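K.L.:
Next up is a structure, given as structure tokens.
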Amino acid sequence: MIYLLPSISATLGAILSFSLFRNKHKEVSVLASFLALMFSIFLLFEPDSFTAFFYVDSLSKIFLLMISCVYLGVVIFSIGYLEHSHGHLVKSYQYFSLLDIFVGVMLFSVTLNNFGLFWVSIEGTTFATALLVASEND
Numbered sequence: 445m446i447y448l449l450p451s452i453s454a455t456l457g458a459i460l461s462f463s464l465f466r467n468k469h470k471e472v473s474v475l476a477s478f479l480a481l482m483f484s485i486f487l488l489f490e491p492d493s494f495t496a497f498f499y500v501d502s503l504s505k506i507f508l509l510m511i512s513c514v515y516l517g518v519v520i521f522s523i524g525y526l527e528h529s530h531g532h533l534v535k536s537y538q539y540f541s542l543l544d545i546f547v548g549v550m551l552f553s554v555t556l557n558n559f560g561l562f563w564v565s566i567e568g569t570t571f572a573t574a575l576l577v578a579s580e581n582d
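Residues in the sequence shown are numbered from 445 upward in steps of one, following my numbering.
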């Protein structure tokens, strides 16, 4: 389904930055966030979709665009913030992977039509947020 492209790009960024490209995790996260934004802009011009599990209307498209814009901004500003944090985070690749997972699940949640899957996706964002908070070494 074409409406899952922003979520897939963020989730793929998490997988790649955590496993294959640990030394290039910042670049992978920037690329994933840029792709999510480009896919969200592209989806603004696609027709609405209504299935048993997915419901994408104009409001969902606006949320996809807003989440993707904030995602790109957070990734870009996190790079500078983490360079000045003086080692408070255990692993920066872990931070960017968890951020990508959080946004991937958040982008997935705004396209759902099933309350069970919606609840699971919101719990996924809660779990990713808890791991992001726990990754600080204080």
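Note that CB positions come from ideal geometry on N, CA and C, so glycine has one too. Quick caveat, the model's predicted, so the values are computed rather than measured.
So what does DSSP say about residue 493, is it helix, strand or coil?
P.N.:
strand
K.L.:
Going by DSSP, what residue range makes up the alpha helix (DSSP H) through residue 525?
P.N.:
Here the alpha helix (DSSP H) through residue 525 covers 502-527.
K.L.:
If you draw a straight line from the C-alpha of residue 537 to the C-alpha of residue 469, how long is it?
P.N.:
6 Å
K.L.:
For residue 493 versus residue 518, is the C-beta distance shorter than 9 Å?
P.N.:
No.
K.L.:
Measuring CB to CB, does residue 474 end up less than 9 Å from residue 516?
P.N.:
yes
K.L.:
So the alpha helix (DSSP H) residue 470 belongs to, where does it begin and stop?
P.N.:
Segment 469-487, the alpha helix (DSSP H) holding residue 470.
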